[in-house]
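Working notes, beginning with the structure itself.
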Amino acid sequence: MLMLLFIVSSCIDDTYEDCGVYLEFIFDYNMEYADSFDPQVGVVDVYIFDEEGNYLLSKHADSRADLINHKQMFISGKELLPGTYQVITVGGLSEHFRFTDSYDTESLSGSSAIEQIKLELYRESNVVSHEFPHLWFGVTTLFHYQSDISVCPVYLIRNTNRFNVALQNNKATQLLQTDTPAPYTFEIITPEGGIYGRNNEPLVKEQVSYLPYYLESTYSIAAAEEPAGLVAGKLNTMRLLADNKEEYSIVVRDNTSNRELWNYNLMDLLEKTRPFSPMDGTLIPLQEYLDRQGEWNIVILYREETPGDPDGFAVVSIHVNGWIVWLNDIGI
Numbered sequence: 035m036l037m038l039l040f041i042v043s044s045c046i047d048d049t050y051e052d053c054g055v056y057l058e059f060i061f062d063y064n065m066e067y068a069d070s071f072d073p074q075v076g077v078v079d080v081y082i083f084d085e086e087g088n089y090l091l092s093k094h095a096d097s098r099a100d101l102i103n104h105k106q107m108f109i110s111g112k113e114l115l116p117g118t119y120q121v122i123t124v125g126g127l128s129e130h131f132r133f134t135d136s137y138d139t140e141s142l143s144g145s146s147a148i149e150q151i152k153l154e155l156y157r158e159s160n161v162v163s164h165e166f167p168h169l170w171f172g173v174t175t176l177f178h179y180q181s182d183i184s185v186c187p188v189y190l191i192r193n194t195n196r197f198n199v200a201l202q203n204n205k206a207t208q209l210l211q212t213d214t215p216a217p218y219t220f221e222i223i224t225p226e227g228g229i230y231g232r233n234n235e236p237l238v239k240e241q242v243s244y245l246p247y248y249l250e251s252t253y254s255i256a257a258a259e260e261p262a263g264l265v266a267g268k269l270n271t272m273r274l275l276a277d278n279k280e281e282y283s284i285v286v287r288d289n290t291s292n293r294e295l296w297n298y299n300l301m302d303l304l305e306k307t308r309p310f311s312p313m314d315g316t317l318i319p320l321q322e323y324l325d326r327q328g329e330w331n332i333v334i335l336y337r338e339e340t341p342g343d344p345d346g347f348a349v350v351s352i353h354v355n356g357w358i359v360w361l362n363d364i365g366i
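Each residue of the sequence shown is one higher than the last, beginning at 35 in my numbering.
Take a look at the structure:
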């Protein structure tokens with residue numbers, strides 16, 4: 035046993051192939067408070083910089099099957115000299131995102147510095163209406179390599195959100211599917227450009243509108259002449275940041291004229307649904323709640339003074355992940 039411990043803790047092979055660092059990926063910053071790296075995160079990319087922040091090398095895993103125990107990546111002693119290193123990790127990197135330096139060079143080179151890197155949503159305009167998968171980010175993590183074997187935990191945070199939004203007429207009864215175009219649509223407006231630096235801080239302050247990539251409409255059996263019984267859709271956004279909470283909004287529009295019918299502060303809405311922490315029984319800080327949740331189900335109950343007439347559109351209440359928020363200062 036003592037000999038085995040000596041072999042594990044030190045490397046005497048001149049090739050150093052058995053020496054190195056195991057990067058162990060952990061995603062427990064979620065509402066379950068449990069490590070969900072496996073099965074949620076698939077593709078993994080790591081970028082290693084020296085102590086001064088100069089880029090050295092990167093490694094890629096196409097799936098968890100390419101990782102040790104589905105969650106560890108080995109950096110061997112042949113790839114590193116003894117010293118202190120910095121690693122940045124991205125999970126779920128795809129054609130929808132870019133990891134670049136300040137020169138927008140996607141293949142980092144020896145001239146790339148850690149202060150220059152950025153992770154961003156690939157978009158061609160300030161309107162995003164396509165579906166993109168979840169993305170995870172492991173901010174700059176230090177590790178030390180001394181020609182031995184060690185394990186370095188890398189903690190990931192989810193940088194994307196999924197919203198399932200429904201606009202439901204509060205007079206609608208049983209609903210049937212219809213091919214009629216949805217009379218209403220919605221969007222989420224954010225103040226950040228979806229571009230993040232080495233420590234996941236936003237780099238660009240720029241208004242971006244996220245529109246549904248999926249939208250359908252149903253109608254009421256009890257009043258078939260009302261075509262707006264329910265409008266349901268799905269959209270995604272990048273990370274929500276509490277520091278700029280006054281600049282986020284959820285908007286309902288007339289789908290024919292694109293006229294704005296209702297506008298509400300998204301952060302105020304989500305903040306009212308904060309749960310208590312299972313750790314100490316206090317309310318979860320807003321930013322922690324926004325980062326842990328990631329999946330949002332919102333049902334907006336509305337009424338129309340005249341059926342089918344958007345001029346009479348008025349929101350009555352909003353359901354968020356099981357919470358009911360009544361408007362007009364009725365409370366929660």
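Using N, Cα and C, we set each Cβ at its ideal position, and we do this for glycine too.
Boundaries (first-last residue) of the beta strand (DSSP E) holding residue 187: Here residue 187 refers to the residue found at position 153 when the sequence shown is read from its first residue. Taken as a continuous stretch (DSSP letters only), the beta strand (DSSP E) holding residue 187 covers 183-189.
Locate the alpha helix (DSSP H) running through residue 322, then write down its first and last residues. As a first step, residue 322 is located in the sequence shown; it is residue number 288 there, counting from the start. Residues 320-327.
Proximity to residue 338 [Cα-Cα], best of 172, 264, 327: Counted from its first residue, the sequence shown places residue 338 at position 304. Of the candidates 172, 264, 327, the one whose C-alpha sits nearest the C-alpha of residue 338 is 264.
Only counting runs of 4 or more residues, tell me where the alpha helix (DSSP H) segments fall wholly within the segment 52-128, in order along the chain. 71-74
Selection from 249, 223, 78 that minimises the alpha carbon distance to residue 239: Position 205 of the sequence shown, counting from 1, holds the residue named residue 239. Looking at the Cα atoms, 223 is the closest of the given residues.
Considering residue 272, what are the terminal residues of the alpha helix (DSSP H) in which it resides? Position 238 of the sequence shown holds residue 272. Note, residue 272: premise wrong, no alpha helix (DSSP H); beta strand (DSSP E) at 264-272.
Answer yes if the segment 173-192 comes into contact with the segment 108-122, meaning at least three C-beta pairs across the two stretches below 8 Å, and no otherwise. yes
Determine the direct distance from the alpha carbon of residue 286 to that of residue 61, and round the result to whole angstroms. If you number the sequence shown from 1, residue 61 lands on position 27. If you number the sequence shown from 1, residue 286 lands on position 252. Residue 61 and residue 286: Cα-Cα distance of roughly 34 Å.
Residue 360 classed as buried or exposed, judged by whether at least 16 other C-beta atoms fall within 10 angstroms: Within the sequence shown, numbered from 1, the residue matching residue 360 stands at position 326. With fewer than 16 Cβ atoms within 10 Å of its Cβ, residue 360 is classed as exposed.
So, is residue 102 buried or exposed, given that buried needs 16 or more other C-beta atoms within 10 angstroms? In the sequence shown, residue 102 corresponds to position 68, counting from 1. Classification of residue 102: exposed, given that the 10 Å Cβ count is below 16.
Answer with buried or exposed for residue 67, where buried requires no fewer than 16 other C-beta atoms within 10 angstroms of its C-beta. Numbered from 1 along the sequence shown, position 33 holds the residue referred to as residue 67. Exposed, because fewer than 16 other Cβ atoms sit within 10 Å of the Cβ of residue 67.
Counterpart residues of residue 307 in DSSP-defined beta bridges: For the purposes of this step, residue 307 is taken as residue 273 along the sequence shown, with counting starting at 1. Its beta-bridge partners do not exist; DSSP assigns none.
Enumerate in chain order the residues of its own chain whose CB-to-CB distance from residue 370 is below 6 Å, with the five nearest sequence positions on each side excluded. For the chain, the structure presents residues 35 to 366; residue 370 sits outside this window and is missing.
Between the C-alpha atoms of residue 158 and residue 227, what's the straight-line distance to the nearest angstrom? Sequence index remark: in the sequence shown, residue 158 carries index 124 (1-based). Sequence index remark: in the sequence shown, residue 227 carries index 193 (1-based). Rounded to the nearest angstrom, the two C-alpha atoms are 12 Å apart.
Going by the DSSP bridge assignment, what does residue 288 pair with across the sheet? Walking along the sequence shown from the start, residue 288 turns up at place 254. For residue 288, which the question treats as bridged, DSSP gives the partners 218.
Test item: CB-CB of residue 97 and residue 77 under 8 Å: Looking up residue 97 in the sequence shown gives position 63. Looking up residue 77 in the sequence shown gives position 43. For residue 97 and residue 77, yes; Cβs fall inside 8 Å.
Assign residue 216 to one of two classes, buried (16 or more other C-beta atoms within 10 Å of its C-beta) or exposed (fewer than that). In the sequence shown, residue 216 corresponds to position 182, counting from 1. Burial call: buried.
Give the DSSP bridge partners of residue 200, in chain order. Residue mapping note: residue 200 aligns to position 166 of the sequence shown, counting from 1. BP columns for residue 200 point to 266, 333.
Excluding the 5 residues flanking residue 310 on each side, which residues of the same chain have their C-beta closer than 8 Å to its C-beta? Within the sequence shown, numbered from 1, the residue matching residue 310 stands at position 276. Within the same chain, residue 310 has close Cβ partners 316, 317, 318.
Does the separation of the CB atoms of residue 428 and residue 147 fall below 8 Å? Here the chain has residues from 35 to 366 only, and residue 428 is not among them.
Residue 99 classed as buried or exposed, judged by whether at least 16 other C-beta atoms fall within 10 angstroms: Along the sequence shown, read from residue 1 onward, the residue named residue 99 stands at position 65. Label assigned to residue 99: exposed.
Those residues which DSSP pairs with residue 250 across a bridge: Your numbering for residue 250 matches position 216 in the sequence shown. For residue 250, which the question treats as bridged, DSSP gives the partners 266.
Within 8 Å, strictly: CB atoms of residue 75 and residue 126: Sequence index remark: in the sequence shown, residue 75 carries index 41 (1-based). Sequence index remark: in the sequence shown, residue 126 carries index 92 (1-based). Yes, the pair counts as a contact, with Cβ atoms nearer than the cut-off.
Residue burial classification, residue 347 (beta-carbon count within 10 angstroms, cutoff 16): What you label residue 347 is simply residue 313 of the sequence shown in a count that begins at 1. Buried.
By the DSSP assignment, the beta strand (DSSP E) with residue 150 in it spans what residues? Locating residue 150 in the sequence shown gives position 116, counting from the first residue. It is not in any beta strand (DSSP E) - residue 150 carries neither H nor E in the DSSP assignment.
Can you tell me whether residue 54 is buried or exposed, with buried defined as 16 or more other CB within 10 angstroms of its CB? Locating residue 54 in the sequence shown gives position 20, where the first residue counts as 1. Its Cβ being crowded by 16 or more others within 10 Å, residue 54 is buried.
Given a cut-off of 8 Å on the beta-carbon distance, is the pair residue 323 and residue 189 in contact? Taking the first residue of the sequence shown as 1, we reach residue 323 at position 289. Taking the first residue of the sequence shown as 1, we reach residue 189 at position 155. In this structure, residue 189 does not lie closer than 8 Å to residue 323 by Cβ.
Specify the secondary structure class of residue 346 as computed by DSSP and reduced to three states. Translated into positions along the sequence shown, residue 346 becomes position 312. If DSSP states are grouped into helix, strand and coil, residue 346 belongs with the helices.
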